Amino acid sequence: MKKKKHWLSSENLIDEINNVSIEDLQNYASMEGHRMAESILVDDILPSQTEKEEQVELTNEIIDNNESVNIGVEGINDSFSEEKEIEIVKKPIKLAREKEVENSLYEAKNEEKKAQEASLQKLTMAMKSLIDENEKLLAYKLFFEENQVTIAENQNDLNEIQSVLEIAQQTIQALASKIKESTQIHQQKEEAWIHERRESQQYQAEQQEQLKKNNLEIDALKKSLLDQTSQLDQNDPQPRESTEEQHDLLAIISDLRKENVELQEEISEVLIFARRKANRTLEGAKIESERILRAAEARIETIQERAKQIVSELKEVRGNVDDLFDDLNDQINQLSDKKIFFEDVNNGI
Numbered sequence: 002m003k004k005k006k007h008w009l010s011s012e013n014l015i016d017e018i019n020n021v022s023i024e025d026l027q028n029y030a031s032m033e034g035h036r037m038a039e040s041i042l043v044d045d046i047l048p049s050q051t052e053k054e055e056q057v058e059l060t061n062e063i064i065d066n067n068e069s070v071n072i073g074v075e076g077i078n079d080s081f082s083e084e085k086e087i088e089i090v091k092k093p094i095k096l097a098r099e100k101e102v103e104n105s106l107y108e109a110k111n112e113e114k115k116a117q118e119a120s121l122q123k124l125t126m127a128m129k130s131l132i133d134e135n136e137k138l139l140a141y142k143l144f145f146e147e148n149q150v151t152i153a154e155n156q157n158d159l160n161e162i163q164s165v166l167e168i169a170q171q172t173i174q175a176l177a178s179k180i181k182e183s184t185q186i187h188q189q190k191e192e193a194w195i196h197e198r199r200e201s202q203q204y205q206a207e208q209q210e211q212l213k214k215n216n217l218e219i220d221a222l223k224k225s226l227l228d229q230t231s232q233l234d235q236n237d238p239q240p241r242e243s244t245e246e247q248h249d250l251l252a253i254i255s256d257l258r259k260e261n262v263e264l265q266e267e268i269s270e271v272l273i274f275a276r277r278k279a280n281r282t283l284e285g286a287k288i289e290s291e292r293i294l295r296a297a298e299a300r301i302e303t304i305q306e307r308a309k310q311i312v313s314e315l316k317e318v319r320g321n322v323d324d325l326f327d328d329l330n331d332q333i334n335q336l337s338d339k340k341i342f343f344e345d346v347n348n349g350i
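Each residue of the sequence shown is one higher than the one before, starting from 2 at the first, in the working numbering.
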């Protein structure tokens with residue numbers, strides 16, 4: 002009696018496999034591959050070297066088993082044959098699934114590579130931008146250091162101006178003291194001149210009084226001389242003696258007249274000397290005062306011009322420094338934005 006075929010016998014399995022088309026296997030492998038790719042990790046899907054070796058051994062065993070089946074299936078244990086036949090059915094499906102997974106992984110790796118290249122390009126552009134910004138910051142730093150030197154120089158100029166202003170203040174005080182002293186000297190000289198003028202006027206008045214007395218005395222002597230001459234002409238017949246007396250009187254009159262002339266000349270000289278002395282004193286004091294005032298005004302004007310120049314330079318430097326700090330602030334903000342960008346890029350990677 003012929004033995005009844007088991008429903009999982011090798012012949013039935015081979016018939017079932019032959020009835021499955023290539024398209025059905027591909028569709029099943031595609032669906033199974035997508036499902037497996039979504040449910041498991043890539044590292045778990047890829048077969049290891051050990052698994053590949055086991056699969057090769059299993060394939061060789063299946064081939065040997067198929068040959069044994071063709072020679073004599075009935076001599077093989079039924080349970081063992083069923084397991085091998087199941088493996089024969091699963092093997093093409095598994096291989097198709099693994100192929101699909103490998104293709105998916107290949108595409109995923111390509112996408113990852115493209116994403117990495119795009120990120121690398123972004124990083125390269127960002128690094129180039131940072132290099133440019135660094136060069137700008139170095140230029141700003143150099144400019145800032147130069148302005149620091151200018152500020153220090155201007156600070157030295159300010160200190161110098163402060164010293165000059167203090168010296169100028171001291172000079173002005175000294176000039177004011179000197180002008181005050183010169184004014185006091187002028188007043189003293191003027192008072193002395195007034196005193197001398199009074200004395201001169203008094204002396205002149207005395208001399209004028211003496212001159213008047215002399216003139217009166219001369220007139221009296223003239224009258225006396227005339228009277229004596231007239232009397233002598235009438236009473237004394239000796240003209241010789243009267244002539245000698247007249248000569249004496251005339252000599253006295255001449256001396257008095259000389260004295261009057263000398264007194265008048267002396268009075269004139271005293272007046273002229275006093276006037277000249279007063280004029281020289283006033284003119285000298287005036288010239289000295291004007292010279293001191295001109296020197297003080299010139300010194301003050303020079304200091305004011307220097308102070309204005311330094312104030313203008315300080316305003317310009319302060320403006321440059323303000324602009325520099327604004328630019329540095331903008332650069333810091335830009336660097337902060339770039340830092341956020343790099344954080345986003347790193348998170349994306």
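We treat Cβ as the ideally placed atom computed from N, Cα and C, and that holds for glycine.
Everything numeric in this text was worked out from a predicted model, so none of it was measured.
Taking the C-beta atoms as reference points, I253 is found nearer than 8 angstroms to L222.
Spanning the alpha carbons of Q117 and E99 requires a straight line of approximately 26 angstroms. One alpha carbon belongs to Q202, the other to A296, and they sit about 40 angstroms apart. In this structure, E260 places its C-beta atom within 8 angstroms of the C-beta atom of N215. One Cα belongs to L124, the other to E147, and the distance between them is close to 34 angstroms. In the assembly as shown, V262 is an exposed residue. Its beta-carbon has fewer than 16 other beta-carbons within 10 Å.
A distance below 8 angstroms between beta-carbons, with the five flanking residues on each side excluded, links Q189 to no residue of its chain.
Between T172 and R300, the C-beta gap is smaller than 8 angstroms, which places the two residues in contact. Note that the C-beta distance between R258 and I288 is not below 8 angstroms.
Burial check for E167: the Cβ neighbour count within 10 Å stays below 16, so the residue is exposed. Distance from the CA atom of L138 to the CA atom of A127, rounded to whole angstroms, is 16 angstroms. Taken atom to atom, the span from the alpha-carbon of K179 to that of R198 is near 27 angstroms.
Straight-line measurement puts the Cα of T184 at about 12 angstroms from the Cα of E291.
Spanning the alpha carbons of S120 and K114 requires a straight line of approximately 10 angstroms.
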